[in-house]
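Below: the structure, in structure tokens.
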Amino acid sequence: MRKIGIMGGTFNPIHVGHLMLAQWAMEEQDLDEIWFIPTGYSYMKEEQNVVSPEDRFQMVLLAVADNDRMCCLDVEIKREGYTYSYETIEQLKKEYPEDEFYFIFGADCLFAIETWRCPEKIFANCRVIAAGRGGASEKQMREKIEELEVKYGADIIMMPFPSLAISSTLIRERVREGKNVRYLVPDLVADYIEGKRFYENEG
Ligand code: ATP
Ligand code: MG
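For the sequence shown, the positions run 1060 to 1262 when the working numbering is used.
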């Protein structure tokens, strides 16, 4: 049985916060591998100016290319219509019944998960690793975790994580302002963004 960490997200674009979170979870929870799963069209981010699923997928591929314990799956970008995390987890459970899946979250997702489609099906098929992220205190997180455990029988591991105030939103803003995002994203990703002129003229 392998222990596999799932990093879901829009990754618009992937940044060092995502990569550090993935590596941290692998070390702290003894995971064997991390699978990044970029979303297809997300019903929650419809209004935002999101680059195509294929390009977000490409950027994640570039970011993990040099790490043989990390990979990127195209299951969500290939699915028709909107993508829901619970469907992905159910599909993985079916395809890899021997493996144990850990869904890795920043704190913002912990507080948002009840607004997602079928959170109970997510909790039924995997454990969750919740990492701190600016905006939520450890106490607030622990209370939320307890609430979700009681309500859904969820199995949530609270993972202390050094606070990194880095987000894709920040990267997009800095590119728009003509600033260099080197060291905020892997070099290959910075080159890809520049080559395709992403985020330069967003409203
Ligand atoms: P955006 O600003 O566009 O929302 P984001 O940086 O939040 O982008 P997402 O793709 O929305 O990135 O998030 C994917 C996952 O990574 C989520 O679980 C999110 O909580 C987590 N995450 C992203 N950045 C960090 C960070 N700096 N620290 C901890 N978790 C993070
Ligand atoms: Mg986000």
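Yeah, the Cβ is synthetic: ideal placement off N, Cα and C, and Gly gets one too.
Nothing here was measured: the structure is a model prediction, and the numbers come from that model.
- When the alpha-carbon of Ser1226 is set against those of Leu1080, Val1123 and Pro1178, the nearest one is in Leu1080.
- Within the model, the alpha-carbon separation for Asn1260 versus Ile1172 is close to 31 Å.
- Sequence-distant partners of Asn1071 (beyond 5 residues in either direction) whose C-beta falls short of 7 Å from its own C-beta, in its chain, are Val1109, Val1110, Arg1115 and Ser1227.
- When C-alpha distances from Pro1178 are compared across Arg1061, Ile1136 and Ile1215, the shortest belongs to Ile1215.
- For Arg1192, the distance from the CB to the nearest heavy atom of ligand 1 is below 6 Å.
- Residues of the same chain with a CB within less than 6 Å of the CB of Tyr1100, apart from the 5 flanking positions on each side, are Tyr1141 in chain order.
- Contact check between the stretch 1173-1192 and the stretch 1202-1216: three or more CB pairs, one atom from each, fall below 8 Å, which counts as touching.
- Every unbroken stretch of the alpha helix (DSSP H) spanning 4 or more residues and falling wholly within the stretch 1207-1255 is given here in chain order: 1227-1235 and 1246-1255.
- With a cutoff of 7 Å on beta-carbon distance, Cys1131 and Phe1162 are scored as not near each other.
- Between Arg1061 and Asp1158, the CB-CB gap stays under 7 Å.
- Between Met1200 and Ala1166, the beta carbon gap of about 6 Å places them in contact (Cβ cut-off 8 Å).
- Rounded to whole angstroms, the separation of the alpha carbons of Phe1160 and Tyr1143 is 16 Å.
- Straight-line measurement puts the Cα of Arg1233 at about 32 Å from the Cα of Glu1087.
- Going by C-alpha positions, Ile1063 is about 28 Å away from Ile1230.
- Under DSSP, the beta-bridge partners assigned to Gly1064 are Ile1093 and Tyr1161.
- Each residue's CA atom was taken as its position, placing Gly1237 and Asp1089 some 40 Å apart.
- Cα atoms of Lys1137 and His1077: separation of roughly 22 Å, rounded to the nearest angstrom.
- Relative to the non-hydrogen atoms of ligand 1, the Cβ of Thr1147 never comes closer than 6 Å to any of them.
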